[in-house]
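The structure appears right after this line, and notes come after that.
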Amino acid sequence: PSSLHNSLPTFLHHARTTSLSPTSTVYIGTHYEYTCLLALRSLGFTLHRTGGASDLGIDLLGVWRPPSLSASEEIKVIVQCKAEVPKPQFVRELEGALGSAPTGWKGEGTMGWLVARGEATKGVREAVRRGRGALGFVFVEKEGRVRQVLWNGRAGERLVGVGVGVKY
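The opening position of the sequence shown corresponds to residue 12 in this note's numbering, with each subsequent residue numbered one higher.
See the structure below:
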């Protein structure tokens, strides 16, 4: 994580003071990572940003306490954020990131989440379904609204009693 910023407001301040172009990939990617961190917080995730050039494909790291599980039940998570339309290859990259997770996040108990700026295509849904580990997908709009959440059967084994519904 950067010592220059640790939240969306501090990143925006850093971007202004360093004249970081809002069209640069660094700006777009970092902004989206912080946007995802805030959006996922509303779903019970407690995350911190690890993103950077050497993040091993892990942008956010932390735990998820699904609201319908008991307060003591938490699931370790790694999150990969893509500020673009999702592709099946991103799911494969996420599986690789799960394999290189830091100590404490390695193994069966950790769930990998792909977060992207578009609805999961059939190919993405199939890649998540076929995933070897517990995987999930979230569509978070550029503005931070959560539009879609899904997970595979391996994740479902841990998420008995947790459901996703439509909220207007």
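In this text, a Cβ means the ideal position worked out from N, Cα and C, and glycines have one as well.
Nothing here was measured: the structure is a model prediction, and the numbers come from that model.
| Query | Result |
| --- | --- |
| Spatial neighbours of Gly-68 within its chain, please: CB distance less than 8 angstroms, with the 5 preceding and 5 following residues excluded, ordered by chain position. | Gln-91, Glu-104, Leu-105, Gly-107, Ala-108, Ser-111 |
| Thinking C-alpha only, which one of Tyr-43, Thr-46, Thr-121, Gly-73 is nearest Phe-56? | Gly-73 |
| List the DSSP bridge partners of Trp-116. | BP columns for Trp-116 are empty, so no partner. |
| Within 10 Å of its beta-carbon, does Glu-154 have 16 or more other beta-carbons around it, so buried, or fewer, so exposed? | exposed |
| Terminal residues of the continuous alpha helix (DSSP H) containing Leu-105? | 99 to 110 |
| Candidates Gly-144, Ala-127, Arg-143, Pro-20: which alpha carbon is nearest Arg-158's? | Ala-127 |
| For my contact list, Val-102 and Ala-138 are in at a C-beta cut-off of 8 angstroms; report their separation, rounded to the angstrom. | 4 angstroms |
| Buried or exposed: Leu-15, going by 16 or more other Cβ atoms within 10 Å of its Cβ? | exposed |
| According to DSSP, simplified to helix, strand and coil, what is Ile-89? | strand |
| Along the chain, where does the alpha helix (DSSP H) containing His-25 start, and where does it finish? | 19 to 28 |
| Specify the secondary structure class of Leu-170 as computed by DSSP and reduced to three states. | coil |
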